[in-house]
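Residue numbers (this note's numbering): 1 to 87.
Each residue gets a CB set at the ideal place from its N, CA and C atoms; glycine is no exception.
As structure tokens, the structure follows; a few thoughts come after it.
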Amino acid sequence: MQFNTLLVTAFMAAFVQTGLACSAGQDCCWGGKDNGLSGCENQHRMDPDACGTAPYIADMCRNQGVTAAQCDADCCSISGKIGRACP
């Protein structure tokens with residue numbers, strides 16, 4: 001019984017990640033060496049195609065005024081223009 005609960009919780013957590021993605025509203029943009037796509041894909045290995053959709057593209061650092069020279073981490077603070085923990 002507890003195993004089933006654990007399994008369901010783990011399965012749900014896998015899908016919650018996309019809802020907690022890096023976004024401008026969280027002072028976060030997708031970074032990486034190419035200023036967006038690689039950072040997003042590194043964090044979404046289960047669904048890298050999501051990174052090519054409009055909501056994710058809008059939150060890429062190149063679209064938020066943060067250059068790769070300022071921050072090449074997977075997730076960057078828009079206000080600080082430095083790497084930060086990915087949500």
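Item                                                                                                                                                  : Value
Does the distance from the CB of Asp27 to the CB of Ile78 come in under 8 Å?                                                                          : yes
Taking the beta carbon of Gly36 as the centre, do at least 16 other beta carbons fall within 10 Å, making it buried, or is it exposed?                : buried
Just tell me which of Arg84, Gly31, Thr67 and Asp72 has its CA closest to the CA of Cys51.                                                            : Gly31
In the structure shown, what three-state DSSP assignment does Ser23 receive?                                                                          : coil
Kindly give me the distance between the Cβ atoms of Asp74 and Cys86, rounded to whole angstroms, as I take these residues to be in contact under 8 Å. : 6 Å
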